[in-house]
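Chains as they are written, first to last, in our numbering: chain Z, 1 to 550; chain H, 551 to 1063. Glycine is no exception: its CB is placed at the ideal position from the N, C-alpha and C atoms.
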């Protein structure tokens, strides 16, 4: 179970060999006297791995929206979330403008029973209504404007067709942004068949637009569990077409191929996986020695991490709170639980608006960072009576308990920016003496017998997904990373990637970033030959060692 | 595009680039000493504590105890402590009392070591450890040394830099019974003599090394190979020294475990981000009394140092531009609200240029020529290479030294450029390094020694290790009381949910903070 040495290996594949972190963590010396605890040595990996049983999530996948959150509830110490995956959690109730507006209930026939043909005569797809293609095209065109990186990738690489011959089978959310990715892959020479990784998130008209363009899409909004697997199977199992690349979000497609079509699976050139969950399942496969193809973990790339967490949350905390409560921040006392990337973003944004921000932390390093950034580090109990807003971003559970909610002052706001819906002990509020009053969409007043009200947002689910939108620019980072990972795996010479899970080469990370600089009209400085030599670097990067923290 | 496909392996090739013999250059004039640090580091990362010495001859630092009253070499003097010991060699033992006061002041700013002393005092985790050290000898180091002694270690110490020793502190240490061989202004010959006296005592064989720069390690490795083999471990602090250890390890000649404390999270963040965030303002104010509000500043490089400088300048209302070579850092700068430009685009309009790239000739003569009158140029990055000074030493330009560390360079048309610290590190030359920052480093070193000394057989092989994350977290936690920060504890239930121990480590190794 606990093979500490494997840890570093897994995570930082290309890291220089010499920097071996000593894993057998050294609390030999009793400095931390209390902690003579054997758990310590379990190392990070073991815990991550033991957290999610491999097969269980697959079963659970298709249920109610609420239950789906269970799926991503497995412990990640980093409090790191895969935004793109989680979007779906709230897609039924989100403010997102791109929700399927053409999703009409006039048509109750299951798409599986319909025969549809696109204008070119092809019927190798299964979507809600091919006639919606025109609407979908418009959505895609809007998305394209904010995804200039993919567009410039198309332009730069179109003549080379680096994906010529690639047969990609994909399983992601099917949204306008994904459509831009898919069409980029096609422009680069790939053939694509696509299915949805979530039964609720598909934008029907986008799926129609893709089908009209000749991409075989099997997805519609509101699939049943049976439909879900049927779609995946139709994607993979088609005569005269064998996929050689997988682009997955959540690991369901990979799992299906691995189980049902082991022979096809073996011949795959590479897997690109985006979500925490899927990456986790890949590491487990790899650990069990059952991963027979190289896989790329794009979830942990620098740009994706920073954008999904720090930058995105910095904006959405304000947006989410404003939209739901119209609160004014200046002078308000706010406690932010957790000072990881998400917490750092929230604190920075709130401080900038003049709020008085307190931080709670368990990790002394992050606590020290909070101190140096000018935030008081407190225990929640010390400030609970005086604060106006509580924001959780720990990735932990029951960070705000009933006991603490009881002591909050009238009118204080409680919300969760962290992970799943576990951080606030909402269950403890479902007792007879408390009255729940829904005042707006996503806003509940919980009323104590003495008349005190606490404002609970999104019922403790993720505020940033339920009450604000994910900017296309952020999705662009992810999509570009995925496209480059596919190109890298497909074009890598024999032997560069073994049967293992890899992080994206830093060079690629840098390239993704550079493609997005144009948006800001940013002008990168180039090293002179002399300077490059002095630094011992290639002029074109990579510019930092793998362990660089940014 | 094509380029992108095949660049994954480049890093490897680079590692093979030979390390030229860095070892011998160590002892020369101050200016040339900077050459020593000039070796390529991709990160632009600097070892503050090491580099302090570069400027110790001209720094604002409050503690300068050298007197020119006494021209006899300490090697020729016979001195005794009040207890009759004479196993040391310093400038003047009579200064011990002054030195003690300095040490006591430093102790107040180094709470972590004090806590460590108290917590572990009963246990003596270093009982039996014979530590030979080679670091800057300052009040802060003295606190470290005395902590080690309190934890049970025997110590012999010499200086890693010929200019940085605080003579009074060395005297105080000697008086307290530590064998110190160091004084300010050693010759190269003195330097090696001191190291040798430290190591080569007849009845005393060191089993641990605490090194800063790698000179001591190198000396023992070369001169006393059999002693080297019997070491329990090496703790190395500087970029340079760590680099030399990796070379040794690469050549399979490292036969003892070594700990790289330079790359620990806390040290990195404090040496760079937090420290520079404060010292950029301090350094500029002390030297030029400039007002920042509304000034246009270009910061070259957006690594940890650059991030600190930009944040500080922005907070005072300056308009900040950034230049970068790395697209990831450039994107970070964009998201943090800074315009990313090329230096030549804004050079005509800016009031200040701050370099922190770790690179050379970032500001060239062609840029300097285009700057406007009164523009301030300074370096926060690495060594003194970032501004192309040589190009300014031409006949048509007039240099006027207006204050310590401030030069006006006057162009034939009357334009003046204000150059700070002659292009050397502003934060070292024109501001001070807070004891609190040094405390982080010292605590890390002490814990690394304890870890290596107490590790069970086999935990550390003959290789270079990073400090375990657990230790990093412990160093941080020891510094929290200074801020009256109250750490939250996980409940058993929560710890189980997260799958981590209640007492850490809390993050995976690759976590970026």
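Asked                                                                                                                                                                             : Found
Within a Cβ cutoff of 7 Å, which residues of the same chain sit near residue 985(H), ignoring the five residues on either side of it in sequence?                                 : 656, 659, 660 and 690
Excluding the five sequence neighbours on either side, which residues of its own chain have a C-beta within less than 8 Å of the C-beta of residue 739(H), listed in chain order? : none
Mind checking whether residue 426(Z) and residue 395(Z) have CB atoms under 7 Å apart?                                                                                            : no
How about residue 292(Z) and residue 158(Z): are their beta carbons less than 7 Å apart?                                                                                          : no
What is the C-beta distance between residue 913(H) and residue 927(H), in whole angstroms, given that I count them as a contact (C-beta under 8 Å)?                               : 6 Å
Enumerate in chain order the residues of its own chain whose CB-to-CB distance from residue 702(H) is below 6 Å, with the five nearest sequence positions on each side excluded.  : 674, 676 and 677
Could you work out which residue in 855(H), 686(H) and 842(H) is closest to residue 866(H) when comparing CA atoms only?                                                          : 842(H)
If you reduce the DSSP assignment to three classes, tell me which class residue 328(Z) lands in.                                                                                  : coil
Find out if the Cβ-Cβ distance for the pair residue 359(Z), residue 370(Z) is shorter than 7 Å.                                                                                   : yes
With a CB to CB cut of under 7 Å and the five nearest residues on each side skipped, what residues in its chain are close to residue 184(Z)?                                      : 150, 153, 154 and 483
Mark residue 254(Z) as exposed unless 16 or more other C-beta atoms lie within 10 angstroms of its C-beta, in which case mark it buried.                                          : buried
Under 8 Å by Cβ, that's how I've got residue 741(H) and residue 638(H) pegged, so tell me the actual separation to the nearest angstrom.                                          : Residue 741(H) to residue 638(H), Cβ: 16 Å. No contact.
Taking the CB atoms as reference points, tell me whether residue 220(Z) and residue 128(Z) lie closer together than 7 Å.                                                          : yes
Residues of chain Z with CB closer than 9 Å to the CB of residue 885(H), please, in chain order.                                                                                  : 306, 307, 310, 311, 314 and 520
Between residue 267(Z) and the rest of its own chain, which residues show a CB-CB distance below 8 Å, the 5 nearest in sequence each way excluded?                                : 242 and 244
Applying the 10 Å Cβ sphere with the 16-neighbour rule, what's the burial state of residue 829(H)?                                                                                : buried
At 8 Å on the CB atoms, spell out the chain Z contacts of residue 909(H), in chain order.                                                                                         : 527, 531, 534 and 535
Which residue spans inside the region 751 to 806 of chain H form an unbroken alpha helix (DSSP H) run of at least 4?                                                              : 765 to 773, 775 to 779 and 789 to 800
Using CA atoms only, rank isn't needed, just tell me which of 252(Z), 144(Z) and 411(Z) is closest to residue 273(Z).                                                             : 252(Z)
Let's see if you can read the secondary structure: which residues bound the alpha helix (DSSP H) around residue 879(H)?                                                           : 877 to 885
Given that a residue counts as buried once 16 or more other Cβ atoms are within 10 Å of its Cβ, and exposed if not, what is residue 654(H)?                                       : exposed
With a 10 Å radius around its C-beta and 16 neighbouring C-beta atoms as the bar for buried, classify residue 940(H) as buried or exposed.                                        : exposed
Report the partner residues of residue 502(Z) according to the DSSP bridge assignment.                                                                                            : 296(Z)
Is residue 352(Z) buried or exposed, if buried means 16 or more other CB atoms sit within 10 Å of its CB?                                                                         : exposed
Could you tell me whether the Cβ atoms of residue 705(H) and residue 681(H) are closer together than 7 Å?                                                                         : yes
What are the boundary residues of the alpha helix (DSSP H) that residue 979(H) is part of?                                                                                        : 976 to 979
Can you check whether the C-beta of residue 802(H) is within less than 7 Å of a C-beta belonging to chain Z?                                                                      : no
So, residue 836(H) versus residue 980(H), is the Cβ gap smaller than 7 Å?                                                                                                         : yes
So residue 856(H) is in the alpha helix (DSSP H); what residue range does that whole segment cover?                                                                               : 854 to 865
Around the Cβ of residue 779(H), are there at least 16 other Cβ atoms within 10 angstroms (buried) or fewer (exposed)?                                                            : exposed
Just grab the DSSP bridge partners of residue 415(Z) for me.                                                                                                                      : 391(Z)
Measuring only the C-alpha atoms, how far is residue 1010(H) from residue 1062(H)?                                                                                                : 25 Å
Between which two residues does the beta strand (DSSP E) harbouring residue 286(Z) extend?                                                                                        : Where residue 286(Z) is concerned, there is no enclosing beta strand (DSSP E), although the alpha helix (DSSP H) it sits in stretches over 276 to 287.
Under the assumption that residue 1029(H) contacts residue 990(H) (Cβ atoms under 8 Å), give the Cβ distance between them as a whole number of angstroms.                         : 7 Å
Per DSSP, which one or two residues make a beta bridge with residue 445(Z)?                                                                                                       : 437(Z) and 455(Z)
Using the beta-carbon of each residue, which ones in chain Z are nearer than 8 Å to residue 890(H)?                                                                               : 517, 520, 522, 523 and 524
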